[in-house]
Each structure stands twice: as C-alpha cells, then as structure tokens.
Amino acid sequence: MTDRLRIALTKGRLQKKSMDLFTRAGLDCEPLENPGRRLIHSLPNYPLDAVLAKAPDVITYVEHGVCDLGIVGKDTILEKGGSFYEVLDLGFGACRFALAVPEGRDFYGSYKTRTIASKYPNVTRAFFEQKGMDVDIIKIEGSVELAPLLGLADGIVDIVETGATLAANGLIPIETVVRVSARLIVNTASMKLHKAEIADLIARCEREVRSAT
Ligand code: PRP
Numbered sequence: 019m020t021d022r023l024r025i026a027l028t029k030g031r032l033q034k035k036s037m038d039l040f041t042r043a044g045l046d047c048e049p050l051e052n053p054g055r056r057l058i059h060s061l062p063n064y065p066l067d068a069v070l071a072k073a074p075d076v077i078t079y080v081e082h083g084v085c086d087l088g089i090v091g092k093d094t095i096l097e098k099g100g101s102f103y104e105v106l107d108l109g110f111g112a113c114r115f116a117l118a119v120p121e122g123r124d125f126y127g128s129y130k131t132r133t134i135a136s137k138y139p140n141v142t143r144a145f146f147e148q149k150g151m152d153v154d155i156i157k158i159e160g161s162v163e164l165a166p167l168l169g170l171a172d173g174i175v176d177i178v179e180t181g182a183t184l185a186a187n188g189l190i191p192i193e194t195v196v197r198v199s200a201r202l203i204v205n206t207a208s209m210k211l212h213k214a215e216i217a218d219l220i221a222r223c224e225r226e227v228r229s230a231t
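In the working numbering, the protein residues as written are 19 to 231.
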C-alpha cells in the first residue's frame, strides 16, 4: 500500500488544463510537461501520482479503485455512467452536446423515423426518449460530422466547442442537448480511506476554480 494518492487525468484537451489547475493549486507538474510515452508520473512536491488515460478509462480506473481520483468530462460521465463521487465542476473544458443537421434540413418536419449518428448513443437515446421521439441511433467512433454528409444519418448528436467543425461541414446546431465541462471524480472507498488527503486536494482545486470564475 502506498500513502500517495493516484489520479487519472484525461489525455488530450483536458490534460493541459488539469495541469494548469494543479500548478495554480501549488502542485509542481513539471514531470507532466514533457511526459513522452510514459503514462504514470509522480509529482515531486505533493503525494500524488498522475496517470494519463483515455476519458472512458479514467472512469474505469476510478470505479475499480486503482485510481483514487480522476478528471474527466461530464460528456463521458453522462455516456458511460458508473459508481463514484462527482465532487467538483472544474469549469474548464466547457462545451455542449448539440443536435445538428445539414443546413436547410427540416429535421422535425417528417413522420419518418429519423436516424441519428453519434459517438454518444446513450446521451442521444436519453435526449430523444425525454422528447418521446423514436429514433434510430448509429454509433460512430469519430468525425461524426461525416455521417449526414455521406447520407447515413439525418443528424448528429455531438460535442460542440467552437462550432467550427459543424460550420466547416455545412451542419447547423438546432438544439442544445446539455452543457458539459470537466469534473473531479473520487472513488467511493478512497473517499473514506484517504479522507484528509482527498479533502486537501479538493479544497486546493475548489479555491482555484472559485478564483477563476
Ligand atoms: C470533437 C467533436 C467535434 C469537434 C467539435 O471531435 O466530436 O467533431 O471536436 O469542436 P469544435 O466545435 O470546436 O469544432 P474531436 O476533435 O475530439 O475528434 P473526433 O470527432 O474524431 O472524436
């Protein structure tokens, strides 16, 4: 057993912002600046090891307790679900899920069952269920914007940050499904076993999140 905490950070867009937050909170993130291919990094001035993982895997590692904490987007949390504490909205990584359709398409103007492509079938299903609307959902792994352009789907449910990808592909966002941002999550057992250490880390992050807003 180690008395160091372990946190899973989502690689990519959220990684740099997570490091910036930690740095402002007094944690030396130098080992994460140039991580190379190495996936676990110990912070030198705080008892924390950072694990770099894909978003859904952050949840898996935290749920199974091999990581005490994680930073992951609410988009992944909504899609994957799971059992853990979601303790803090970190504010960064803010974007939205939107329903988007080809420009000029009257999406609601037909009785035919619509086909929606998405990387997030569960979020998509919940959105249309709450509308009482029956749709066919096709799971796509990336560059979902292609599906309506190729004639596979009538629309997409996807993450929109700047809107540039939609615009570049002739798609118009017609409805916001839900707003999302990065969240700090904690394993339920770790929360009890490492109460004081986790409380310190949450408090440091919370202070910085508050001062940034
Ligand atoms: C995400 C999302 C959109 C794009 C939105 O894709 O799925 O395609 O970013 O960003 P924008 O509104 O700023 O243009 P990502 O880059 O993660 O790649 P992927 O589609 O291949 O998963």
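Positions of the beta carbon are idealized from the N, C-alpha and C atoms, including for glycine.
Keep in mind it's a predicted model, so treat the numbers as computed, not measured.
A73 and L27 have their C-alpha atoms spaced approximately 8 Å apart.
Residue nearest to D38 within the set G99, L108 and G54 is L108 (criterion: CA-CA distance). A68 places its beta carbon 9 Å or farther from that of E226. Inclusion of I216 and L87 in the CB contact set at 9 Å is warranted, their separation being smaller than that value.
Contact between P166 and L189 holds, with the beta-carbon distance rounding to 7 Å and staying under 8 Å.
With respect to the C-alpha of S199, the residue from F40, V162, L32 and P65 having the closest C-alpha is L32. Exclusion of the five residues before and after V76 leaves A26, T28, G88 and V90 as the residues of its chain whose Cβ lies within less than 6 Å of its Cβ. Going by beta carbons, E104 and L219 fall outside the 9 Å limit. Annotation for V162: A135, S136, K137, I174 and D176 place their beta carbon closer than 7 Å to its own, counting only its chain and skipping 5 residues before and after.
Residue state for Y129 is assigned as coil, using DSSP reduced to three classes. Note that the C-beta distance between E179 and C113 is below 9 Å.
Annotation: the continuous alpha helix (DSSP H) that includes R143 extends over P139 to K149.
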